[in-house]
Ligand code: ADP
């Protein structure tokens, strides 16, 4: 059984459909990268795992199972217990994700409970300076604050860590250090990781599997090397082709001209069709069902017939 199973999940914010039937599986101990352009639904999916969505969000369909428990069907006390024991979160803005009114040590103690060793947990994220315990979040650098957030998220050795672009706001030097730390602590604790990111090369290096989001759905998922090295969805092919250049310049991913859609209801067909070089009529009117291409699960009507052409494309770009 998967540790995390997201099935046909639909989430709306007022009139915006953020998730339009998303599917995702994370096995125990697995590291899964969730990639896609801004607006594709990564954060909404990451937050939905712990039912940590903003107040405006509505669960309109589908389910999230964490260790077999239906996250959207749990009473509040069970949900709190599940978050506390089984889930950890790290976000992009470390200072904003800490409580500005509490000293670092006190925040960590709150998670650890009585008898928890604050110094030990700060030591694990290489914050050995005793002054850190008494510091307030705004007195820390971004990198230090993110380490504190990681120490807090990993203090209870959760089963799943959801990391929502935790290094995006950090300097490039610190970025690697912080990522190394997360993956090392997770490996030690046997924690699975769901790593939301724009940085495809980093995901390829660190994750076992990748799920590619577009228009609120996971359009391709499978082993990281296969998905990014030999994509089976035209969107992944465009994304993988543009990634090295985009990452090198630190710019937003823009794999193909145009913008991802902002949906106001279910997409009538494939949401990528308007930008897809291979789209046919049915792509605009029929929602693609998942197909298996090699080791990948793909939402594309033409995936089977496009295999060779996409492989040739990614070889040219590699
Ligand atoms: P990503 O993390 O990939 O950038 P998001 O999950 O943040 O994607 O966004 C998915 C869609 O939902 C986008 O169209 C975005 O504008 C919309 N959205 C996200 N958060 C909110 C919110 N709090 N209120 C209204 N719309 C939102």
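In the numbering used here, the protein residues as written are 5 to 322.
Note that the Cβ used here is the ideal one computed from N, Cα and C, for glycine as well.
- Here DSSP, grouped into helix, strand and coil, assigns residue 221 to strand.
- Secondary structure of residue 20 (DSSP, three-state): strand.
- Checking the 7 angstroms criterion, the Cβ of residue 170 is out of range of every heavy atom belonging to ligand 1.
- Around the beta-carbon of residue 312, fewer than 16 other beta-carbon atoms lie within 10 Å, marking it exposed.
- Under the three-pair Cβ rule at 8 angstroms, the segment 264-282 counts as touching the segment 200-219.
- From the listed residues 234, 158, 201, the smallest Cα separation to residue 179 is found for 201.
- Membership of residue 67 in the beta strand (DSSP E) is indicated by the continuous run 61-70.
- The continuous stretches of beta strand (DSSP E) do not include residue 120, and DSSP gives it neither H nor E.
- The Cβ atoms of residue 152 and residue 144 sit closer than 8 angstroms to each other.
- The segment 90-99 makes no contact with the segment 32-40; the number of CB pairs closer than 8 angstroms stays below 3.
- Rounded to the nearest angstrom, the gap between the Cα atoms of residue 164 and residue 298 is 27 angstroms.
- Distances from the alpha-carbon of residue 280 to those of 243, 300, 269 put 243 closest.
- Annotation for residue 150: no beta strand (DSSP E) segment contains it, though the alpha helix (DSSP H) segment containing it runs 146-158.
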